[in-house]
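Taking it in order: structure first as structure tokens, then the write-up.
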Amino acid sequence: MSHYGIVSEYRSANPLGWDKAQNLVRLHLGELARYYHASAQKSKSSEDYAEAIHWYRLYLSSFPTDKDAAENNFLLAELLFEAGRFAEASIEYQHTAYDYPANVRSADAGYAALLGFARQIESADDSQKVILQKATVESELKFAGQFGNDPRAAPVLANAAEKLLNLKEYQQAAEVAQKIVDLQPAAPAEQ
Numbered sequence: 332m333s334h335y336g337i338v339s340e341y342r343s344a345n346p347l348g349w350d351k352a353q354n355l356v357r358l359h360l361g362e363l364a365r366y367y368h369a370s371a372q373k374s375k376s377s378e379d380y381a382e383a384i385h386w387y388r389l390y391l392s393s394f395p396t397d398k399d400a401a402e403n404n405f406l407l408a409e410l411l412f413e414a415g416r417f418a419e420a421s422i423e424y425q426h427t428a429y430d431y432p433a434n435v436r437s438a439d440a441g442y443a444a445l446l447g448f449a450r451q452i453e454s455a456d457d458s459q460k461v462i463l464q465k466a467t468v469e470s471e472l473k474f475a476g477q478f479g480n481d482p483r484a485a486p487v488l489a490n491a492a493e494k495l496l497n498l499k500e501y502q503q504a505a506e507v508a509q510k511i512v513d514l515q516p517a518a519p520a521e522q
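Per my numbering, residue 332 is the first one in the sequence shown, and the count goes up by one each step.
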């Protein structure tokens, strides 16, 4: 497959042939990614994870606007999370949530990015924790802004306000708390 991708010699030597082969290449790249993804889930082998990541990335770089690109990007993010690569997973989840047109995975991807940040914070040293907490707040605010009707929006905003208080960002914490108060329908009492 790598001989026929977007940066392949075949494409530069035979653009017309590559155009004709695109559908098959797209289909096979997706199948290879899912095959190695399933293998990695069974074996937990770093080689299988690496292979699946390779095929997902090749698919996405070759067909970034394909109708299945958002779904494949979400699966790449899931794979990275399963492999314990939480920083990369958060980036890919955010890409799925905010950079593709709205899709069935958008809100779940935005929320999963927050879970990825939480996992990063667990193992970070003190200097990195502050940076990650600020990045998490930014992602939380983006999630609540984009998916305000999602039932997870109020708890996400409450977490953001709490983190801002801990970071001594009092003005922004108050602004986020006001957003919680203003939610319609109203946020649950615990928030």
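The beta carbon of each residue, even a glycine, is placed where N, CA and C say it ideally should be.
Because the structure is a prediction, the values reported are computed rather than measured.
Please list the terminal residues of the continuous alpha helix (DSSP H) segment that includes residue i.
i    : result
L355 : 346-374
A420 : 417-429
F478 : Run containing F478: none; DSSP gives neither H nor E here.
L407 : 400-413
Report the three-state DSSP secondary structure of residue i (helix, strand or coil).
i    : result
E500 : coil
G441 : helix
Y390 : helix
A455 : coil
A508 : helix
V468 : helix
L514 : coil
S343 : helix
P486 : helix
R436 : coil
D397 : coil
Going by beta carbon distance, what residues of the same chain come within less than 7 Å of residue i, once the five residues before and after it are set aside?
i    : result
A491 : V468, E471, L472, V507
H368 : A383, L406, L410
R436 : A401, E402, F405, T427
L463 : F448, Q451, I452, A455
A420 : A408, L411, F412, G447
F478 : A438, G441, A484
If you measure from the CB of residue i, is any heavy atom of the ligand PLP nearer than 7 Å?
i    : result
S377 : In the structure on display, the ligand PLP does not appear, and there are no ligands present to speak of.
Ordered along the chain, which non-local residues of its own chain (more than five positions away) have a Cβ less than 6 Å from that of residue i?
i    : result
R483 : Y442
A414 : Y380
L496 : A504
N434 : A401
Looking only at its chain, what residues have a beta carbon closer than 8 Å to the beta carbon of residue i, apart from the 5 residues adjacent to it on each side?
i    : result
M332 : Below a pLDDT of 50, predicted positions are generally treated as unreliable, and M332, at 47, falls in that range; the measurement from the model is reported next regardless. For M332, where only same-chain residues beyond five positions count, the Cβ hits under 8 Å are V356, H359, L360, L363, W386, L389.
V487 : Y442, L445, E471, F474, A475
V461 : L498
L391 : A400, N403, N404, L407
L514 : G479, A484, A485, L488
I'd like to know if the region 427-434 and the region 449-459 are in contact, where contact means that at least 3 CB-CB pairs between them fall below 8 Å. Segments in contact, no.
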